[in-house]
Amino acid sequence: MSQPDKSRVKARYDELGGKLYNVRYMEEQTAKYEHILAYLGRGKTLDNGCGTGLFLPFLDQYSVGLDISSKLLKEAREKAGNRALVQGDSENLPFRAAVFDNMVSITVIQNLPSSNKLVAESSRVVTQNGTLVISSLKRVYSEDEFSNLVETGGLTVNIVNDIENINDWIAVIRNTR
Ligand SMILES: C[S@@+](CC[C@H](N)C(=O)[O-])C[C@H]1O[C@@H](n2cnc3c(N)ncnc32)[C@H](O)[C@@H]1O
Numbered sequence: 007m008s009q010p011d012k013s014r015v016k017a018r019y020d021e022l023g024g025k026l027y028n029v030r031y032m033e034e035q036t037a038k039y040e041h042i043l044a045y046l047g048r049g050k051t052l053d054n055g056c057g058t059g060l061f062l063p064f065l066d067q068y069s070v071g072l073d074i075s076s077k078l079l080k081e082a083r084e085k086a087g088n089r090a091l092v093q094g095d096s097e098n099l100p101f102r103a104a105v106f107d108n109m110v111s112i113t114v115i116q117n118l119p120s121s122n123k124l125v126a127e128s129s130r131v132v133t134q135n136g137t138l139v140i141s142s143l144k145r146v147y148s149e150d151e152f153s154n155l156v157e158t159g160g161l162t163v164n165i166v167n168d169i170e171n172i173n174d175w176i177a178v179i180r181n182t183r
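Take the sequence shown: its letter number 11 is residue 17 in this note's numbering, and every next letter is one higher.
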């Protein structure tokens with residue numbers, strides 16, 4: 007599989023813009039959220055690659071949304087309420103170690119040139135035994151490829167879900183680093 011180019015990915019989402027993103031993807035993304043919420047623990051969550059912030063209203067008020075696209079983050083402002091929004095890169099998260107209880111990353115990892123860095127960085131910023139939930143498009147990775155990817159760094163993958171009519175694999179990982 008050819009590796010995505012990060013600046014092109016950013017430009018693509020910036021050009022699309024938040025309003026069009028929501029028109030195109032809100033329904034598809036929302037269908038994933040109830041399945042993901044079932045696995046997330048309580049507490050402060052990082053929404054890693056939050057896009058237009060569709061998932062943020064489901065999260066604790068001290069949660070944080072991070073995305074590389076300033077245009078999508080602008081659209082996220084309203085949905086975020088008092089939650090912080092940060093422009094940044096999932097491969098190099100601008101946070102200290104172990105500051106979040108959970109991390110969720112929904113349909114983001116397939117956009118990254120070094121996708122295993124998202125897993126390593128997410129593990130770094132989440133507390134010991136916190137929960138990581140990572141989803142990725144089934145059409146980009148086979149189930150085995152996705153399982154291997156999220157297992158990098160010796161983390162304990164509890165489950166990889168294959169839910170009918172949901173376009174993503176959903177991995178639930180306990181942060182046992
Ligand atoms: C398919 S969208 C998913 C957005 C959101 N999670 C949702 O459920 O609507 C993929 C998101 O990944 C973001 N993204 C892509 N590469 C990134 C990177 N290197 N760092 C942070 N965000 C990135 C894009 O800007 C976009 O918002």
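Ideal Cβ positions, reconstructed from N, Cα and C, are used throughout, including at glycine.
Q: Return helix, strand or coil for S128, following the three-state DSSP convention.
A: Translated into the one-based positions of the sequence shown, residue 128 becomes position 122. S128 falls in the helix class under three-state DSSP.
Q: Mind listing, in chain order, the continuous alpha helix (DSSP H) runs of no fewer than 4 residues lying wholly within the segment 90-173?
A: 121-131, 149-156
Q) Around the Cβ of D168, are there at least 16 other Cβ atoms within 10 angstroms (buried) or fewer (exposed)? A) For the purposes of this step, residue 168 is taken as residue 162 along the sequence shown, with counting starting at 1. By the 10 Å Cβ count, D168 comes out exposed.
(Q) N54 and S128 - do their beta-carbons sit closer together than 8 Å? (A) The residue given as residue 128 occupies position 122 in the sequence shown. The residue given as residue 54 occupies position 48 in the sequence shown. Yes, the pair counts as a contact, with Cβ atoms nearer than the cut-off.
Q) Got a sec: is the Cβ-Cβ distance from T162 to anything in chain D below 8 Å? A) Note that chain D does not occur in the displayed structure, where there is just one protein chain.
Q. Is it the case that the CB of N117 approaches a heavy atom of ligand 1 more closely than 7 Å?
A. Position 111 of the sequence shown, counted from the start, is the residue given in the question as residue 117. Yes, ligand 1 has a heavy atom inside 7 Å of this Cβ.
Q) Among residues of its own chain, excluding the 5 on either side of S121, which ones have a beta-carbon nearer than 7 Å to its beta-carbon? A) Within the sequence shown, numbered from 1, the residue matching residue 121 stands at position 115. The answer, listed in chain order, is I115, L155.
Q) Are the segment 95-111 and the segment 37-51 touching by the rule of at least three beta carbon pairs closer than 8 Å? A) yes
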